[in-house]
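**Student:** Handing you this structure, nothing more for now.
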Amino acid sequence: MEIDWIGVLLAFVAGMVVAMAWYSKGAIADAWEALTGITPEKNQPVRTRNLILLAVSNAATTVGLAFAVEFTAVVTGNASLWMAVMVGFVAWLTLSASTLLQHNSFEQKPLKLTTINTGYQLALFVAITLVLGLF
484 MEIDWIGVLL AFVAGMVVAM AWYSKGAIAD AWEALTGITP EKNQPVRTRN LILLAVSNAA
544 TTVGLAFAVE FTAVVTGNAS LWMAVMVGFV AWLTLSASTL LQHNSFEQKP LKLTTINTGY
604 QLALFVAITL VLGLF
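Residues in the sequence shown are numbered from 484 upward in steps of one, following this note's numbering.
Set out below in structure tokens:
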């Protein structure tokens, strides 16, 4: 197995761009703020910590997906872009979406919030594996 670390770095950047776009001002961010009650003002005292946690978790996700994409390519002999994106989709569905759905259901969080956050995770996993698949 050989991981292309330039591809991993670019995939990480793509993931951070998705996070910024998803939760920056706009319809999605406005709905998220309304559902969580977390405004930019409330977030200000913990903003730096949260951005560090976001970067660390996105880095871990990117490296994990890089290994999953490479492992799948070696095992199946299929190193296509489509296969890389499918790895991202399957990882999202089986690890991220299913876990978030369980937690949010038991915590009685609104379905709309679950949809926003799960949608972000899907966009994140697909963007990361799309870039990884190009390398």
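For every residue, glycine included, the Cβ atom is placed at its ideal position computed from N, Cα and C. Since this is a predicted model, take the numbers as computed values, not measurements.
Unbroken alpha helix (DSSP H) runs of length 4 or more, entirely within the region 490 to 530: which are they?
**Tutor:** 510 to 519 and 523 to 526
**Student:** Sort A512, A502 and A574 by Cα distance to V539 and report the nearest one.
**Tutor:** Each of A512, A502 and A574 was checked against the Cα of V539, and the nearest Cα belongs to A502.
**Student:** Go ahead and pull the three-state DSSP assignment for Q591.
**Tutor:** In the displayed model, Q591 falls within coil according to three-state DSSP, outside both helix and strand.
**Student:** Taking F608 as the reference, which of V546, T519, D513 and I511 has the closest Cα?
**Tutor:** V546
**Student:** For S540, which three-state DSSP category applies?
**Tutor:** Secondary structure at S540: helix, using DSSP grouped into helix, strand and coil.
**Student:** Out of G490, I511, Y506 and F572, which has the shortest C-alpha to C-alpha gap to L537?
**Tutor:** Of the candidates G490, I511, Y506 and F572, the one whose C-alpha sits nearest the C-alpha of L537 is Y506.
**Student:** Please classify Q604 as buried or exposed, where buried requires at least 16 other C-beta atoms within 10 Å of its C-beta.
**Tutor:** buried
**Student:** From G602 to V614, what distance separates their C-alpha atoms?
**Tutor:** 18 Å
**Student:** Just the C-alpha distance for P528 and G520, rounded to the nearest angstrom, thanks.
**Tutor:** 15 Å
**Student:** Are the CB atoms of M566 and T555 nearer to each other than 9 Å?
**Tutor:** yes
**Student:** Out of R530, N526 and F495, which one is the CA nearest neighbour of T544?
**Tutor:** F495
**Student:** So which of L617, I599 and L492 has the shortest CA-CA distance to A504?
**Tutor:** I599
**Student:** Indicate the three-state DSSP secondary structure (helix, strand or coil) for S563 in the structure shown.
**Tutor:** The three-state secondary structure of S563, taken from DSSP, is coil.
**Student:** Roughly how many whole angstroms lie between the Cα atoms of A497 and G490?
**Tutor:** 10 Å
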